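One structure is given here, and the rest of the page talks about it.
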Amino acid sequence: VALARAAKNPKALIDFYDDTVDSPTVYWTDEVRREISAFVLSEITPMVHHYCEFIESVKHGDPFPPPYRWNHHTIRQRFFLKTVQSRLYVGGIFVQSLVKHPYFKLKTKAFASELLVALQERFDNYLTGQTGERCIEEMCLLLQALNNMITNLPHMIEQLIKMEKLQLVYRLFWDDVKDVKLRSLAMKLANSAAINQSAARHVAQQKLLKAVLPILINDTNETEEALTLVLQHVRRSSPVVDQIRMMGGLILLCSLLLDSSQPKPLRLLTASLIGAMANDGLHGQDTSEMLCEMLTAKFRRAFQSNADLLLDFCDRDHISRDGRKWTRKNRIELQAFFKYHGKRLGPLIKTWNGTSELFNTELLRRIWPTKK
C-alpha cells in the first residue's frame, strides 16, 4: 500500500519508512527496518562488485562481461523476516497486536474460524509433549484474542459452539495442563462464554462441568473463578443443577461452605451457588432434600435466604427436630468428612458417564448416626 501511494506522493513512502507501526495488520519497527536493510545490503554488495569489475574491464578494452543476474524470483525462499515471523500471525492478523487493540475491526467470522483452528493445532502439539515456551505463549495469545472477541461480540460464542471448540476450552482444565497462565486464561474465556444461554445448554449437553468440579477439591487460586463459572451455568441451565448433584458436587460445595479457614468472600460465593441450586425451578427440590440430608432439615428455610444469611445460619448452633446437633464440633467433623469424600470423588467425576450417582448418601450415617 505504501509503495502504491509513493507513486503519487514519494514523501509518503519516506514518512512510512521512518514511522513505527504495531497494529493487527502492520508490524513495522526499527528491528524490521534493520533486518530489511541488512538483506538489501547483502543483495546489493555482489551487484556493486560485479559492476565495478565491469567498469574496469571496459577501461582496459576487454570484452563486455555478461550483465549481472539478480535472482529476485527466490527472495521469498532466501529472505525471512525473523522479527515478524517470531510474532503469531493468523488469518492475516498479528494476534499479539490484536490483543493490544481489542476493538480493531476485522472480518470476525473468517478470522475466528482460523483462530480456533490455530488454537486446536497448538493444543494438539502441547499434548504430544511440545510444551515449550513458544507453544504456551501462542496458546495464551489465542485465548486472549478469542476472549476479547466474544466479550465485544457475544454472538461469536455461537461460532465457538458450532465449531465444537467450547469443549477445547474446558479441556484445558484437565490435570495434564499444568501452565497456570494458560489455565487462568481458559477460565476467563469460559466465564465470558457462560453468559450465553446457548453456551449453558451446550455445557449441559456435553457434560463439560465434569472438567470444572475437580478444581474445587484442592485449595487453589482457581477455586473462586471455578465457583463463579459453575454459578453462571446453574443460573442458566436446570440440567446442570442435576448433573452437579449426581456427580457429588454438593459434597465439594458443602466442604467449602463449612471450612471456616476459607476467605469469607469465597464462602459467600459458595453459599450463593448452593442457594441457586436449592431454588432451581426444575431440580431445586431434589437438591434441597439432599442438602438437608447432608446437613440438617433446618437448612431448608435458610436456602431461601441470601448468601449472607445462609452463611450466618451455617456458622450458628442449632438442633433439628430429628435430634441432629449443629455445633462447632459437628461442623468440623462434617467438613472433614466432606473433604475426605470429595477427594475420593475427584477421579470419578472426571470419568462420569452422565447417568450414575457418584456419592452414596448411605455414607452419611457414619456422621449422622441418629438420623431417622
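Here the sequence shown is numbered in my numbering, starting from 33 and rising by one per residue. Using N, Cα and C, we set each Cβ at its ideal position, and we do this for glycine too. Remember, it's a predicted structure, so these values are computed and weren't measured experimentally.
{"query": "Please go through the same chain and pick out, in chain order, the residues whose beta-carbon is closer than 7 Å to the beta-carbon of K242, but skip the five residues on each side of it.", "result": "M279, I381, K382, W384"}
{"query": "Assess, as a yes-or-no matter, whether the stretch 329 to 337 is touched by the stretch 288 to 300 under the definition of 3 or more beta carbon pairs within less than 8 Å.", "result": "no"}
{"query": "Between N223 and L261, which are expected to be in contact by the criterion C-beta below 8 Å, what is the C-beta distance as a whole number of angstroms?", "result": "5 Å"}
{"query": "Could you give the distance in angstroms between the alpha-carbon of D318 and the alpha-carbon of H187?", "result": "34 Å"}
{"query": "Residue range of the alpha helix (DSSP H) that M279 falls in?", "result": "Unbroken run through M279: none, as it is neither H nor E."}
{"query": "Which residues mark the beginning and the end of the alpha helix (DSSP H) in which V149 is found?", "result": "140 to 159"}
{"query": "How big is the Cα-Cα spacing for E254 and E394?", "result": "31 Å"}
{"query": "Could you give the residue range of the alpha helix (DSSP H) that holds R101?", "result": "No alpha helix (DSSP H) contains R101, which DSSP labels as neither H nor E."}
{"query": "Would you mind stating whether Y59 and S129 have Cβ atoms separated by less than 8 Å?", "result": "yes"}
{"query": "Would S15 pass as a contact of H104 if the rule is Cβ separation under 8 Å?", "result": "Past the edges of the chain, shown from 33 to 404, lies residue 15, and the structure says nothing about it."}
{"query": "Helix, strand or coil for V201 per DSSP?", "result": "helix"}
{"query": "Does K403 come out as helix, strand or coil in the three-state DSSP assignment?", "result": "Because the pLDDT of K403 is 44, which lies under 50, any placement of that residue in the model is unreliable, and the question is left without a value."}
{"query": "Suppose the cutoff is 6 Å on Cβ atoms and the five residues either side in sequence are ignored; what does the same chain contact list for I236 look like?", "result": "The sequence shown places Ala at residue 236, rather than the Ile named in the question. Only S269, P271, V272 meet the Cβ criterion."}
{"query": "Just checking my contact of A226 with Q264 at CB under 8 Å: how many whole Å lie between their CB atoms?", "result": "4 Å"}
{"query": "Could you tell me the distance, in whole angstroms, from the CA atom of K403 to the CA atom of Q336?", "result": "Because the pLDDT at K403 is just 44, under 50, the model does not fix this residue reliably, and the point stays unresolved."}
{"query": "Would you please state the rounded distance, in angstroms, between the beta carbons of T18 and G124? I believe it to be under 8 Å.", "result": "No statement about residue 18 is possible, as the shown extent of the chain runs from 33 to 404 and does not include it."}
{"query": "Where do the N-terminal and C-terminal ends of the alpha helix (DSSP H) with H133 fall, by residue?", "result": "Here H133 belongs to no alpha helix (DSSP H), and DSSP marks it neither H nor E."}
{"query": "So if DSSP puts K242 in a beta bridge, which residue, or which two residues, is it bridged to?", "result": "Note: K242 sits in no beta bridge, so no partner."}
{"query": "Would the stretch 141 to 149 count as touching the stretch 89 to 109 if we require 3 or more Cβ pairs under 8 Å?", "result": "no"}
{"query": "Between the stretch 183 to 203 and the stretch 151 to 167, are three or more C-beta pairs nearer than 8 Å?", "result": "yes"}
{"query": "Can S230 and I193 be called in contact, C-beta distance under 8 Å?", "result": "yes"}
{"query": "Rounded to whole angstroms, what's the CA-CA distance from Y121 to T52? Just pull it up for me.", "result": "18 Å"}
{"query": "V209 by DSSP, collapsed to three states: which one?", "result": "coil"}
{"query": "Short of 7 Å in beta carbon distance, which residues of its chain neighbour V209, apart from the five on each side in sequence? Order them along the chain.", "result": "R215"}
{"query": "Find out if the Cβ-Cβ distance for the pair Y158, C172 is shorter than 8 Å.", "result": "no"}
{"query": "Looking at the secondary structure, which residues open and close the alpha helix (DSSP H) in which D349 lies?", "result": "D349 -> no alpha helix (DSSP H), and no H or E assigned at all."}
{"query": "Look at the alpha carbon of R398 and the alpha carbon of R233, and state the distance between them as a whole number of angstroms.", "result": "37 Å"}
{"query": "Would you tell me roughly how many angstroms separate the C-alpha atoms of L396 and L204, rounded to the nearest one?", "result": "34 Å"}
{"query": "Is it buried or exposed for H350, if we count other Cβ within 10 angstroms and need 16 for buried?", "result": "exposed"}
{"query": "Identify whether I249 lies in helix, strand or coil by the three-state DSSP scheme.", "result": "coil"}
{"query": "Where do the N-terminal and C-terminal ends of the alpha helix (DSSP H) with F71 fall, by residue?", "result": "62 to 91"}
{"query": "Just to confirm, is the Cβ distance from R267 to A308 under 8 Å?", "result": "yes"}
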